[in-house]
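Residue numbers (the numbering used here): 4 to 158. Quick notes on the structure that follows.
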């Protein structure tokens, strides 16, 4: 048997993870289009009901850790995105981050609501994005004070 010399090239960027709804047909393509070429993106799916209801979103809360655990175990994933706006609103971003971390160790977790609030603060300079982030199931879209500029800009 012959042996061949080789060198492993480090990945061109951080390893990113994405928890996607089982029924989502678009988000992976969108992420790959938005990320720099060759950025490592590892995707897992979370079971989701055919209809979006409080009950199906609550069930998703139970399934997030298991879905996150399916991301490749030996890899260090620097950030994991949770790709369900309704789920983040129902479950709460802090709880989503906690659930993702139960399944996969990572430095950062993001979701659509937290990303929106961070973008608002960055765009309109309304303070710390965490002050606008919904933290519980009591969250209602419309956000808190830091995101109020969005409503006036969209009207």
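Every residue, glycine too, gets a C-beta built ideally from N, C-alpha and C. Bear in mind that the values here come from a model prediction, so they are computed numbers and not experimental data.
Scanning its chain for C-beta atoms nearer than 6 Å, with the 5 sequence neighbours on each side dropped, one finds no residue around residue 57.
The beta-bridge partner set that DSSP reports for residue 85 consists of 22. Three or more Cβ pairs drawn from the stretch 16 to 32 and the stretch 66 to 80 lie within less than 8 Å of each other, which places the two stretches in contact. For residue 47, the enclosing beta strand (DSSP E) starts and ends at 44 to 49. The continuous alpha helix (DSSP H) containing residue 59 extends over residues 57 to 72. By the C-beta density criterion, residue 4 is exposed, having fewer than 16 other C-beta atoms within 10 angstroms. The beta carbons of residue 25 and residue 51 sit about 5 Å from each other, so the pair counts as a contact at 8 Å.
DSSP, reduced to helix, strand and coil, places residue 111 within a strand of the structure shown. Excluding sequence positions up to five before and after residue 113, its CB lies within less than 6 Å of the CB of 84, all in the same chain and listed in chain order.
By the CB criterion at 8 Å, residue 69 and residue 106 fall inside the cutoff. Rounded to whole angstroms, the Cβ separation of residue 74 and residue 96 is 19 Å, and the two are not in contact under 8 Å.
Annotation: residue 9 to residue 15 spans about 18 Å, alpha carbon to alpha carbon.
A distance below 6 Å between beta-carbons, with the five flanking residues on each side excluded, links residue 90 to the following residues of its chain, in chain order: 60 and 63. The residue among 36, 110 and 41 with its C-alpha nearest the C-alpha of residue 12 is 41.
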